[in-house]
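Chains as they are written, first to last, in the numbering used here: chain A, 166 to 456; chain B, 145 to 300.
Ideal Cβ placement from N, Cα and C applies to all residues, glycine included.
Report on the structure given below.
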C-alpha cells in the first residue's frame with residue numbers, strides 16, 4: 166500500500182470510564198482526538214488534514230452505544246450509536262420516522278454501520294443530513310468535561326462550516342430528543358449531488374403540530390441543511406404557518422420565505438429554488454402523516 | 145510507536161499478532177495474515193473494495209483499526225466457501241458473469257451476503273440501495289444485481 170493512504174502514527178488510549186476519557190482529553194488537549202466511528206477522523210488523518218498525537222477511543226466505555234427512551238424526557242442517544250442503529254430502531258422508526266429517513270440517506274451501508282450520529286454532528290458539515298430533523302425536534306446535546314457538564318440546544322452547537330462550540334476538552338455524551346406533542350409529524354426531503362457519496366445538496370425537515378380539530382397549525386418548525394454555513398431553522402417561514410389553516414397559498418408563501426432565509430454560497434439560485442420545493446413537499450408530507 | 149499484541153478472530157480462527165495502533169484492519173488482513181481478498185482502492189471509505197464483515201455487518205476495513213477489531217467475528221471473502229464448496233453468491237457471480245476485473249468482487253459479495261442475511265428476499269431496489277457503497281469501475285452493475293437476485297431466489 167502506498168504510504169499516502171496510511172493513517173499517520175499516534176498514541177492510542179481506550180479508557181473504560183468517561184471520567185478517564187475526560188482526564189486524557191484534559192491532559193492532551195489540543196493534541197488529542199476522540200474516536201467513535203472513525204469514518205471522518207481517519208479520512209482526515211490519511212489526508213493529513215488532522216494529525217493528532219493521541220487518539221482516545223470511546224469504544225471501551227460501557228453503554229455509550231445505547232438508545233434510551235424515557236416516557237417523560239424522550240430519547241437519549243449515546244455517542245457510539247451508529248446511523249444504522251437509528252435506521253433500525255423500532256421506536257425511532259415509529260415516532261421519529263423522518264429522523265431515520267435522514268439517517269438512511271447518510272453515506273453508504275458500510276458507512277452507516279460505522280459512523281455515529283454524534284460524530285456526524287461534531288464534524289459539523291453544513292450538509293449533515295441528521296441535523297435538519299434534529300433541529301426541528303429541538304434536540305439538545307449534553308457535553309461533559311473533567312470538571313462539569315453543560316446541556317446546549319443543537320441550534321447553538323454549530324457556529325460555522327465544520328466548526329462547533331465544543332471545547333477541545335469536552336465530550337458529547339448524549340443527544341437528547343424531547344418526546345413529541347400529540348398530532349405531530351415530521352418529514353425529511355432532500356436532493357443529493359450525483360457523486361459516488363451523494364452529498365446532500367439541499368435537505369429540508371418540517372415538523373408540524375395540528376390543533377385537536379386538525380384544521381389549524383399549532384406549531385411549525387422548518388430546518389434546512391446545505392444551504393447556509395451551518396444547518397439552520399427558517400423561523401420567519403415557521404411564523405407564517407403557525408396559527409393558520411394550512412391552505413395552498415399559505416404553504417407556498419412559507420416555502421418561499423424559507424427559501425429567502427437561506428444563504429447558499431455555491432449554486433445559490435438552484436439551492437434556493439430547491440429549498441422552496443423541498444420545504445413545500447415536506448409540509449405536505451407532514452400534514453399527510455398527521456391525517 | 146510500540147507494537148501491541150492483539151487477538152483477532154478471522155473466518156472462525158483465532159490468531160495472535162503484534163500491531164501498531166495506526167494499522168488498519170485492511171493492512172493487517174492483507175500484509176500480516178496474507179488474506180488479500182479485501183482490496184484497497186480509494187482508502188477513504190467511498191468505494192467499498194475493502195469491505196469485510198464484522199459480527200455479520202459490512203464495514204470498511206481501510207477505516208477500521210485492527211486493534212479495535214479485537215473480540216469480534218471478522219469474515220473475509222476467504223471465509224465464505226465451506227469444505228471446498230463455494231457460497232451460493234460466489235456461484236451466482238460466476239454463473240451470471242458478474243465479475244470482470246474482480247477488484248470490487250469480494251466487497252460486493254460480502255455486502256450482498258449481509259443484505260441477504262438480513263432480508264432473504266430483497267427487491268431489486270433494496271439490493272441497489274444496499275450495494276450503493278460498492279463501486280464497480282467495469283460498470284457491471286446489472287449482472288451483479290442479477291447475480292444477487294438469483295442467489296436470493298436460490299435459482300441457478
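Alpha helix (DSSP H) segment containing residue i, residue limits
{"i": "residue 433(A)", "result": "433-455"}
{"i": "residue 258(A)", "result": "255-260"}
{"i": "residue 275(A)", "result": "274-279"}
{"i": "residue 299(A)", "result": "296-301"}
{"i": "residue 286(A)", "result": "282-288"}
Residue i - partner residues in DSSP beta bridges
{"i": "residue 322(A)", "result": "In DSSP, residue 322(A) forms no bridge with anything."}
{"i": "residue 318(B)", "result": "Missing from the structure shown is residue 318(B); chain B here goes from 145 to 300 and no further."}
{"i": "residue 163(B)", "result": "148(B)"}
{"i": "residue 195(B)", "result": "204(B)"}
{"i": "residue 154(B)", "result": "157(B) and 218(B)"}
{"i": "residue 329(A)", "result": "323(A)"}
{"i": "residue 427(A)", "result": "DSSP lists no partner for residue 427(A)."}
Reduced DSSP category for residue i - H, G, I as helix; E, B as strand; rest coil
{"i": "residue 370(A)", "result": "strand"}
{"i": "residue 166(A)", "result": "Per-residue confidence for residue 166(A) stands at a pLDDT of 48, beneath the threshold of 50, marking its modelled position as unreliable; the derived number appears in the next sentence. In this structure, residue 166(A) counts as coil in the three-state DSSP scheme."}
{"i": "residue 210(B)", "result": "helix"}
{"i": "residue 230(B)", "result": "coil"}
{"i": "residue 180(B)", "result": "coil"}
{"i": "residue 315(A)", "result": "strand"}
{"i": "residue 287(B)", "result": "helix"}
{"i": "residue 190(B)", "result": "coil"}
{"i": "residue 297(B)", "result": "helix"}
{"i": "residue 280(B)", "result": "coil"}
{"i": "residue 263(A)", "result": "helix"}
{"i": "residue 421(A)", "result": "helix"}
{"i": "residue 175(B)", "result": "helix"}
{"i": "residue 175(A)", "result": "coil"}
Beta-carbon proximity list for residue i, same chain, < 6 Å, skipping 5 on both sides
{"i": "residue 185(B)", "result": "191 and 193"}
{"i": "residue 260(B)", "result": "296"}
{"i": "residue 221(A)", "result": "178, 186, 189, 197 and 199"}
{"i": "residue 169(B)", "result": "205, 208, 210 and 213"}
{"i": "residue 341(A)", "result": "241 and 305"}
{"i": "residue 299(A)", "result": "319"}
{"i": "residue 292(A)", "result": "364, 365, 390 and 391"}
{"i": "residue 233(A)", "result": "241"}
{"i": "residue 279(A)", "result": "202 and 204"}
{"i": "residue 254(A)", "result": "232"}
{"i": "residue 398(A)", "result": "300 and 388"}
{"i": "residue 339(A)", "result": "241 and 307"}
{"i": "residue 154(B)", "result": "218"}
Run of the beta strand (DSSP E) containing residue i, from where it starts to where it stops
{"i": "residue 307(A)", "result": "305-310"}
{"i": "residue 240(B)", "result": "Element bounds for residue 240(B): n/a, residue is neither H nor E."}
{"i": "residue 262(B)", "result": "Looking at the DSSP string, residue 262(B) is not in any beta strand (DSSP E); the run it does join, the alpha helix (DSSP H), is 249-262."}
Own chain, CB closer than 8 Å to residue i, minus 5 neighbours either side, in chain order
{"i": "residue 446(A)", "result": "352, 354 and 369"}
{"i": "residue 167(B)", "result": "209, 210 and 211"}
{"i": "residue 176(A)", "result": "218, 219 and 220"}
{"i": "residue 225(B)", "result": "231 and 234"}
{"i": "residue 333(A)", "result": "190, 194, 195 and 197"}
{"i": "residue 166(A)", "result": "In this prediction, residue 166(A) scores a pLDDT of 48, lower than 50, which makes its location untrustworthy; the coordinate-derived value is nonetheless stated afterwards. Counting only Cβ-Cβ distances below 8 Å, and skipping sequence neighbours, we find nothing."}
{"i": "residue 298(B)", "result": "232"}
{"i": "residue 382(A)", "result": "373, 374, 375, 376, 406, 407, 408, 409, 410 and 411"}
Cutoff 7 Å; reference residue i; Cβ partners in own chain excluding five residues on either side
{"i": "residue 421(A)", "result": "441"}
{"i": "residue 287(A)", "result": "329, 331 and 337"}
Inset, instruction - Mind listing, in chain order, the continuous beta strand (DSSP E) runs of no fewer than 3 residues lying wholly within the region 194-252 of chain A? - result: 197-200, 219-222, 232-235 and 239-242
Inset, instruction - Run through the region 334-417 of chain A for me and flag every whole beta strand (DSSP E) of 3 or more residues, listed as ranges in chain order. - result: 336-342, 349-357, 365-375 and 382-390
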